[in-house]
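Encoded as structure tokens, the structure appears first; notes follow it.
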Amino acid sequence: MIPNMSRPNFFEHLHPPTIPAREARFRYTFGLGGMSMLLFLSLVVTGVPLMFAYVPTAVAAGETIRAITYVAPYGWLLRNLHYWAAVLLVGLGSLHLLRVALSGSYKPPRRLNWLLGLLALLLSLLLSFSGYVLRWDVDTFGALTVGVNIVRQTPLIGNWLYELLVGGPYISDATVVRFYTWHTLGLSVPVLLLLGWHAFRVRRDGGISHLQSSHPPRISRRELVQREGVTMLALLCLLLGLALFVDAPLAPAVDSVNGPATAV
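Here the sequence shown is numbered in the numbering used here, starting from 41 and rising by one per residue.
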């Protein structure tokens with residue numbers, strides 16, 4: 041196919057002018073990289089309004105989640121979208137890196153991009169855990185307690201790491217503030233920068249990795265963007281369907297943070 045010579049738009053500029061036809065098939069990539077990027081952007085879009093309603097204190101955190109879910113207009117939908125985008129991001133991001141490993145796309149000259157993707161996935165897992173803790177109910181409080189006490193067993197620096205995470209010798213208001221800060225800035229911003237760098241490297245390295253061939257069949261980037269648009273639309277429909285019909289979990293609120301968690 042001869043590439044369309046009309047002026048490319050912004051999304052087309054993110055791709056090389058032409059792409060090998062074999063590797064551009066949906067069955068080769070399953071659109072996992074682009075869908076992961078879209079899901080992270082969805083997290084940003086849904087997370088910013090939630091920041092204005094959330095109060096990062098041990099007493100108010102659980103209650104503000106309930107206010108968002110049951111009182112704020114369409115708050116339940118916004119929270120469900122945020123939750124399911126996070127779940128899908130972890131799943132599809134992991135599948136994307138698995139696909140890259142199995143197809144050998146991590147080999148030079150794409151080794152740096154492979155490492156960027158691994159780091160972005162690791163930080164995304166930590167980002168997901170920090171958001172899980174911010175729910176501040178009996179389930180997340182238990183997970184937090186187990187997690188920080190495992191960290192505490194680290195030789196030599198265990199106690200220092202524990203206090204760094206919880207903001208003191210025990211779980212308190214400082215813990216919620218620490219995790220809120222990590223979730224909204226300390227992890228979100230690095231993941232955003234890493235994903236931007238990752239996407240730039242894909243473009244810089246010539247697009248999707250492909251088998252060496254002197255004259256492989258190629259398609260235009262406009263055709264690839266159209267295919268990606270259909271995939272992104274299907275993903276957004278799935279995300280909206282999950283948000284409408286499957287509520288994000290919410291356990292009883294934590295009554296005390298200075299001892300065993302109890303429910304109200």
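Ideal placement from N, C-alpha and C gives every residue a C-beta, glycine not left out.
Taking 9 angstroms as the cut-off, the beta carbon of L128 is found no closer than this to the beta carbon of L290.
By the Cβ criterion, the region 208-221 is in contact with the region 81-99, since at least three pairs of Cβ atoms, one from each stretch, lie closer than 8 angstroms.
Non-local beta-carbon contacts of M77 in its own chain, meaning distances under 7 angstroms to residues more than five positions away in sequence, involve L235 and A239 in chain order. The alpha-carbon of A283 is positioned some 15 angstroms away from that of L90.
P230 carries a helical assignment under DSSP once its states are collapsed to helix, strand and coil. Look at D245 here: in three-state DSSP terms it is coil, with no helix or strand label. Shown here for V231: same chain residues with a beta carbon closer than 8 angstroms to its own, the five before and five after excluded, namely F80, A160, L163, S164 and L167 in chain order.
Taken through DSSP and simplified to helix, strand or coil, P195 comes out as coil. Separation of the CB atoms of G102 and A293 is rounded to 3 angstroms, and the pair is thereby assigned contact status at 8 angstroms. The alpha-carbon of L275 is positioned some 7 angstroms away from that of M75. The three-state reading of DSSP puts R175 in coil, since its state is none of H, G, I, E or B. Positions of the beta strand (DSSP E) runs, each at least 3 residues long and wholly inside the region 53-132, are given as 58-60 in order along the chain. With a contact defined as Cβ atoms closer than 8 angstroms, F219 and L174 qualify at about 6 angstroms. Collapsing the DSSP output to three states places I211 in coil. Here V206 is buried, its C-beta having at least 16 other C-beta atoms within 10 Å. For R258, there is no enclosing alpha helix (DSSP H); the residue is part of the beta strand (DSSP E) that begins and ends at R258 to S260. The beta-carbon separation of L54 and R243, rounded to 6 angstroms, stays under the 8 angstroms limit for a contact. Using a Cβ distance threshold of 9 angstroms, G87 and S228 count as a contacting pair. Counting the other Cβ atoms within 10 Å of the Cβ of A141 gives fewer than 16, which makes it exposed. Within the same chain, and ignoring the five residues on either side of H136 in sequence, the residues whose Cβ sits closer than 7 angstroms to its Cβ are L72, G73 and S76.
Comparing alpha carbon positions, the residue from G115, I59, T69 and A64 closest to L138 is T69.
L196 and I108 have their C-alpha atoms spaced approximately 42 angstroms apart. Relative to P56, the option among A93, G198, C277 and V265 whose CA is nearest is V265.
Nearest neighbour of G281 by Cα position, chosen from L118, P148, W222 and R241, turns out to be L118. Taken atom to atom, the span from the alpha-carbon of N120 to that of Y114 is near 10 angstroms.
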